[in-house]
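FYI, the numbering for the sequence shown is 1468 to 2409, going by our numbering. Think of the CB as a built atom: it goes at the ideal place given N, C-alpha and C, for glycine as much as any other residue. I have placed the structure first, in the form of structure tokens, so that the comments after it can refer back to it.
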Amino acid sequence: MIYKPPQPKLLRWIALFLIGTFLQFLFYIPTPVLSQNSNSCSNITTPLTSEEQTYARAAWQYFVKNYQPATGFTNSTGGYPSGTLWDMGNYLMALNAARWLNLTDQADFDSRLNKFLTTLNSLKLFEDTLPNKVYNAATAQMVDYGNNPVERGLGWSALDVGRILAAFNVIRTCHPQYNDWLKGIVTKWQVARSLKDGQLFGATVLPDNKTLLVQEGRLGYEEYGARGYQLWGFSAPKAIALEPFKLVEINGVQIPVDSRDFQSTNANNYVVSESYILDGIEFGLQGELADFAARVLDVQKRRFDTTGQLTAVTEDNIDQAPYFLYNTVYANGTNWATITDTNQPYPQFRSLSTKAAFGWRYLFPDNAYAQKVFDAVKDLRSPDDSGYYAGIYEESKQPNKALTGNTNGLILEILYYKARGNHPLIASTSASVSTSKPSENTSLATPANQSNSTVTTPIATPANQPNSTVTTPIATSKPTEVAVAPIPPVDSPQPSSNLKLDRSLTPVERRYAEAAWRYFQANYHAKSGLIDDRSDFKGATLWGLGDYLAALHAARSLDTITPKEFDQRTRHLLGALTKLPLFAGELPSRSYDTRSLQPVDYGGNPVPEGNGWSALDLGRMLAALYNLKSCHPEYTAAVDKIVLDWSYLRVVREGILSSATVTKEEDGRYLTRVNPEIRLGYEEYAARAFQLWGFNLDRSAVGGEYQTASVEGLKVPIQRYRTDTNSKVNQYTVSNPFVLYALEFGLDPKMRSLFEPIFQAQAERYRRTGTLTASATTLIDRKPYTVHSTITGQGESWVALGDDGQPVPKGRLVSTAVAFAYHALLPDNKYSQQLQEGTTDLYNPLVGFYEGFYETTGKTAVGFTSSTNSMILQSLLYNVTNRQPLIRPTTMNSLWWQTVSKGNSGRGLPNTATQQTKLTSDSSGSYWVSDSEKTHLVTGTK
1468 MIYKPPQPKL LRWIALFLIG TFLQFLFYIP TPVLSQNSNS CSNITTPLTS
1518 EEQTYARAAW QYFVKNYQPA TGFTNSTGGY PSGTLWDMGN YLMALNAARW
1568 LNLTDQADFD SRLNKFLTTL NSLKLFEDTL PNKVYNAATA QMVDYGNNPV
1618 ERGLGWSALD VGRILAAFNV IRTCHPQYND WLKGIVTKWQ VARSLKDGQL
1668 FGATVLPDNK TLLVQEGRLG YEEYGARGYQ LWGFSAPKAI ALEPFKLVEI
1718 NGVQIPVDSR DFQSTNANNY VVSESYILDG IEFGLQGELA DFAARVLDVQ
1768 KRRFDTTGQL TAVTEDNIDQ APYFLYNTVY ANGTNWATIT DTNQPYPQFR
1818 SLSTKAAFGW RYLFPDNAYA QKVFDAVKDL RSPDDSGYYA GIYEESKQPN
1868 KALTGNTNGL ILEILYYKAR GNHPLIASTS ASVSTSKPSE NTSLATPANQ
1918 SNSTVTTPIA TPANQPNSTV TTPIATSKPT EVAVAPIPPV DSPQPSSNLK
1968 LDRSLTPVER RYAEAAWRYF QANYHAKSGL IDDRSDFKGA TLWGLGDYLA
2018 ALHAARSLDT ITPKEFDQRT RHLLGALTKL PLFAGELPSR SYDTRSLQPV
2068 DYGGNPVPEG NGWSALDLGR MLAALYNLKS CHPEYTAAVD KIVLDWSYLR
2118 VVREGILSSA TVTKEEDGRY LTRVNPEIRL GYEEYAARAF QLWGFNLDRS
2168 AVGGEYQTAS VEGLKVPIQR YRTDTNSKVN QYTVSNPFVL YALEFGLDPK
2218 MRSLFEPIFQ AQAERYRRTG TLTASATTLI DRKPYTVHST ITGQGESWVA
2268 LGDDGQPVPK GRLVSTAVAF AYHALLPDNK YSQQLQEGTT DLYNPLVGFY
2318 EGFYETTGKT AVGFTSSTNS MILQSLLYNV TNRQPLIRPT TMNSLWWQTV
2368 SKGNSGRGLP NTATQQTKLT SDSSGSYWVS DSEKTHLVTG TK
């Protein structure tokens, strides 16, 4: 926005103030609320240094000195009572940061926010649609940019609306008691009027007094604004896409530039720092935007290398006419242009921006140039303690003494971002919204993969085999979507599950449940009834579909979804399971295209004959199907019919689980090989699931002798001693299968002896190093795509491994799902409480929880999966069921058991119609245990 200097209109201001004060009494003012610190926004993992505390206090003083008590607003520039919706968003971000950085107390925070929202709720809107472009901060009257009252207003800015919507989201997340108030304000505004053809549209008043809608936003700010809209359910797909853009070489760097220039659109296509900084600290820079931001920083370094002039350019107020300039990397065909909003050049006033320097320093903490520009401005404070100056003029080397809410607000946001361990303030939408058309053949990802595979992106289950042959994705036409009919309506569908809850979810827990369920809404295929294992791949495994079924049960039990939605989705999924082509006519293949239901390999390429089966995936599905029968018995007949279509002759052999892989020989033949499953934790979990159905798996179930390694002074299991195979595939220990086992089956004494040292080693590492640790297999959006953050792996402690067994430097992640699970299982443990505080708000409100965050940087690890969001839902359900195993016993009088009793099925069914596991209880709790368990667990140290 263009800001003009204050005009001497004191009498008019006083009159308007009195009128505004009187009018406030004519409107209903919502009851003030008191914020409660009920989430992890207060979790300061990287406290500010003493120097940084000085920076923060200085920036906050700007808002203290420019506060307007009559309205609750703050001045956009020092002493000048005017402000846009963008400025109001800056203030909300600054106020939130000040609270968590302890620059203000709770009473002052609530007082300020209540006054602010009261005034905001009563603002006169442009054409009763959206807030005017600018208001008098002292009176809340609509004004022009000279702060002169205008009865009709100037129009609205869609970008400013996007900015305040992002700020609203931070407030409702960190202070949920204000959520209803904020929702009421957004509902009152006609936000949809600013959207058209998938883009953002502002409104302006023409000379003939007509209103014209004008497309707003160019590369950088357009995407940022659209993300703010998206947080509140308003979609602008064209605005959030990066196109149209081109690359322009500047100082040897290819810089992304919006293709729409000033000459053809009368709008500037400037490239500045601030849009990328805002995206980084609020949403997390991911994908192409991360690359673009790095280029924009690098080109400014290159200019310094060439000219010796420190460069950190962005838009800023200045302390002389024309008062507001865009200092750019590029604008309207000119490199390093400094222009007004009307494209008038002012190169003599180009400046080094304080807020840009702060932003680059904390977004790229290891970048030497970012540190250099930061050092130049870090002490650029007003001597009268009024805040930070806007920057330093390049030509005169004198301070640009403009004091603004934009500069000081962004500094506070940046310091709060740092204090949170570089966690973005808002769960990012950048990962869920493609910056270009997504590939139709993106690969899946999983907890374990094939060592000889040539594909670089693994699949989302622990089912892969060491000798399978996989090809890289190939270009194919888009698969035909298959419409699958749900199974017929079941008799007497139940309004709720048979599972009895001990208590209701708290408001915060409900918010988490709703966020986790978003994944299954965003990745649902309405035609096939299937869910993608991960958000960037159109494919599913039986493990992923088991996750989905478990999530369905949890969501219904928690009343996150209605009985109608649960029934429709469940019947649709069961219908799809009946249509999946079986490998060799025996069992479901390892992976399927979720649109065509045809088998695909781990590169996403069609394999019409299938690529084997996974006993682990099958176990995951059998556990979920068993529990569906237990808690929703109306589906029993349909479930039994599905599992009786499968043949178990080769998956259960001599008391152990085996999986099939397909290999391609040198002569071109494809051969099937069946080998025992040995993945630590996963084998034990799947075996317990098979036991529910009567299969004898005493050699795969938990028990026997385990080899251990010493980690943090604890004996952590690394593998089972066994003679049935000498395979060494995927030798690593992670938490995932153990916490899933504990949630669903409880901790029997044998599993507890494995579970406890695994958890305790992670807690001890945190005690020793201060590094939050939730070791797990997680999926990310870049190579190596699957990261095993191990407790021990390949003979080393705390190593991050790719699926190829190679170390991933600085790749360790803190798993969101595992953190939730540990807290559910061990709610009174101080370390599990620390884990939850560090991960609970790592979600995107539209597509679910992220996989976690990086241990070294604190940055969010982008990746959305059914496994993570399912485990979070199951953890929340476990919390409210008095911490009983989620899998409950079912009736033995059903088609499955009747068929087993008949014998001679030719399908490898159990020999007797008796479960091989039972639910029992003792002083340690309830758990499932093998009927035949007689041996003691023995461990040996490596």
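Quick one: measure Cβ to Cβ for T2283 and V2201, integer angstroms, because I've assumed they're closer than 8 Å.
To locate residue 2283, count along the sequence shown from 1; it is residue 816. To locate residue 2201, count along the sequence shown from 1; it is residue 734. Incorrect: roughly 14 Å between the Cβ atoms, too far for contact.
Let's see if you can read the secondary structure: which residues bound the beta strand (DSSP E) around I1859?
Within the sequence shown, numbered from 1, the residue matching residue 1859 stands at position 392. It spans 1856–1860 - the beta strand (DSSP E) in which I1859 sits, taken as one unbroken run.
Our contact map puts T1805 next to N1794 with C-beta atoms below 8 Å; I'd like the distance itself, whole angstroms only.
Translated into positions along the sequence shown, residue 1805 becomes position 338. Translated into positions along the sequence shown, residue 1794 becomes position 327. Contact holds; Cβ gap of about 5 Å.
Do D2215 and V2396 come within 8 Å of each other at the CB atom, strictly closer than that value?
Taking the sequence shown and counting its residues from 1, one reaches residue 2396 at position 929. Taking the sequence shown and counting its residues from 1, one reaches residue 2215 at position 748. Yes. Within cutoff.
Could you tell me how far apart the beta carbons of L2025 and L2343 are, in whole angstroms, since I believe they sit closer than 8 Å?
Indexing the sequence shown from 1 puts residue 2025 at position 558. Indexing the sequence shown from 1 puts residue 2343 at position 876. In this structure L2025 touches L2343 by the C-beta definition: roughly 6 Å separates them, less than 8 Å.
Just to confirm the assignment, what range does the alpha helix (DSSP H) spanning G1695 have?
Position 228 of the sequence shown, counted from the start, is the residue given in the question as residue 1695. Counting along the chain, the alpha helix (DSSP H) containing G1695 begins and ends at 1688–1697.
Please report how far the alpha carbon of Q1811 lies from the alpha carbon of D1728, in whole angstroms.
Working through the sequence shown from its first residue, we reach residue 1811 at position 344. Working through the sequence shown from its first residue, we reach residue 1728 at position 261. In a straight line, the C-alpha of Q1811 is about 15 Å away from that of D1728.
For G2042, the three-state DSSP class (helix, strand or coil)
Numbered from its first residue, the sequence shown carries residue 2042 at position 575. It is helical.
List the residues that DSSP assigns as beta-bridge partners of W2395.
To locate residue 2395, count along the sequence shown from 1; it is residue 928. DSSP output for W2395 lists L2386 as bridge partner(s).
Note down the Cα distance separating K2108 from Q2365, rounded to an integer number of angstroms.
As a working mapping, residue 2108 is identified with position 641 in the sequence shown. As a working mapping, residue 2365 is identified with position 898 in the sequence shown. One C-alpha to the other measures close to 12 Å.
Hey, out of K1822, L1580, R2120, whose CA is closest to P1536's CA?
To locate residue 1536, count along the sequence shown from 1; it is residue 69. Closest option to P1536, Cα to Cα, is L1580.
Buried or exposed by the 16-neighbour rule on C-beta atoms within 10 Å, applied to T2387:
Numbered from its first residue, the sequence shown carries residue 2387 at position 920. Exposed, since its Cβ has fewer than 16 Cβ neighbours within 10 Å.
Among residues of its own chain, excluding the 5 on either side of T2061, which ones have a beta-carbon nearer than 8 Å to its beta-carbon?
Residue 2061 sits at position 594 when you count from the first residue of the sequence shown. Here the set comprises H1992, S1995, L1997, I1998, D1999, K2005, G2006, A2007.
Would you say L1597 and R1660 are within 8 Å of each other, going by their C-beta atoms?
Against the sequence shown, residue 1597 aligns to sequence position 130. Against the sequence shown, residue 1660 aligns to sequence position 193. Yes. Within cutoff.
On the CB-based measure, 16 or more other CB atoms within 10 Å of its CB, does P2188 come out buried or exposed?
As a first step, residue 2188 is located in the sequence shown; it is residue number 721 there, counting from the start. Just to set this straight, residue 2188 is Tyr in the shown sequence, not Pro. Y2188 is exposed by the Cβ-count criterion.
What does the Cβ neighbour count give for E1862, buried or exposed, with the cut at 16 atoms within 10 Å?
The residue labelled residue 1862 in the question sits at position 395 within the sequence shown. Flag for E1862 reads exposed.
Exposed or buried, E1716, counting other C-beta atoms within 10 Å across all chains shown (16 or more means buried)?
The count along the sequence shown starts at 1 and reaches residue 1716 at position 249. That one is exposed.
Extent of the continuous alpha helix (DSSP H) to which A1993 belongs
To locate residue 1993, count along the sequence shown from 1; it is residue 526. Run containing A1993: none; DSSP gives neither H nor E here.
Top-ranked residue by Cα proximity to D1765, from N2203, Y2093, Q1838, G2325
Looking up residue 1765 in the sequence shown gives position 298. For the residues N2203, Y2093, Q1838, G2325, the minimum Cα distance to D1765 belongs to Q1838.
Which two residues bound the contiguous alpha helix (DSSP H) that contains P2216?
Residue mapping note: residue 2216 aligns to position 749 of the sequence shown, counting from 1. Segment 2216–2236, the alpha helix (DSSP H) holding P2216.
Under 7 Å Cβ to Cβ from K1845, same chain only, skipping five residues before and after it: list those, please.
Position 378 of the sequence shown, counting from 1, holds the residue named residue 1845. Closer than 7 Å at the Cβ level, and outside the excluded window around K1845, lie Y1522.
For M1609, which residues does DSSP report across the bridge?
Locating residue 1609 in the sequence shown gives position 142, counting from the first residue. DSSP lists Y1602 as partners of M1609.
Determine contact between the stretch 2338–2356 and the stretch 2278–2295, defined as no fewer than three beta-carbon pairs at a distance below 8 Å.
The stretch 2338–2356 makes contact with the stretch 2278–2295; the number of CB pairs closer than 8 Å reaches 3 or more.
If you draw a straight line from the alpha carbon of E1749 to that of A2168, how long is it in whole angstroms?
For the purposes of this step, residue 1749 is identified with residue 282 of the sequence shown, where counting begins at 1. For the purposes of this step, residue 2168 is identified with residue 701 of the sequence shown, where counting begins at 1. Near 46 Å, if we compare the C-alpha coordinates of A2168 and E1749.
Cβ contact (3+ pairs, closer than 8 Å) linking the stretch 1949–1959 and the stretch 2066–2074
no
So does the stretch 2156–2163 actually touch the stretch 2219–2231, counting three or more Cβ pairs closer than 8 Å?
Contact between the stretch 2156–2163 and the stretch 2219–2231 is absent, because fewer than three Cβ pairs lie under 8 Å.
Delimiting residues of the alpha helix (DSSP H) encompassing E2410
Residue 2410 falls outside the range modelled here, since the chain spans only 1468 to 2409, and no answer is possible.
Specify the secondary structure class of L2353 as computed by DSSP and reduced to three states.
Counted from its first residue, the sequence shown places residue 2353 at position 886. Three-state result, L2353: coil.
So which of T2240, T1774, V1780 has the shortest CA-CA distance to E2304?
For this step, residue 2304 is matched to residue 837 along the sequence shown. Comparing Cα-Cα distances from E2304 to each of T2240, T1774, V1780, the minimum goes to T2240.
At 4 residues or longer, what runs of the alpha helix (DSSP H) sit wholly inside the stretch 1996–2060?
2009–2024, 2030–2046
What is the DSSP secondary structure of H1890, reduced to helix, strand or coil?
Locating residue 1890 in the sequence shown gives position 423, counting from the first residue. Coil at H1890, not helix or strand.
Quick one: grab the DSSP three-state call for Q1503.
The residue you call residue 1503 lines up with position 36 of the sequence shown. Reliability fails at Q1503, whose pLDDT of 41 lies under 50, so the model's placement of it is uncertain and the value that follows must be treated cautiously. The answer is coil: DSSP assigns Q1503 none of H, G, I, E or B.
Under the rule that 16 or more other beta-carbon atoms within 10 Å means buried, what is S2299, buried or exposed?
Here residue 2299 refers to the residue found at position 832 when the sequence shown is read from its first residue. By the 10 Å Cβ count, S2299 comes out buried.
At which residues does the beta strand (DSSP E) containing I2258 begin and terminate?
Looking up residue 2258 in the sequence shown gives position 791. Where I2258 is concerned, there is no enclosing beta strand (DSSP E), given that its DSSP letter is neither H nor E.
In the structure shown, what three-state DSSP assignment does T1774 receive?
To locate residue 1774, count along the sequence shown from 1; it is residue 307. Helix, per DSSP.
Simplified DSSP state of K2131, which is helix, strand or coil:
Here residue 2131 is taken as the residue at index 664 of the sequence shown, counted from 1. In this structure, K2131 counts as strand in the three-state DSSP scheme.
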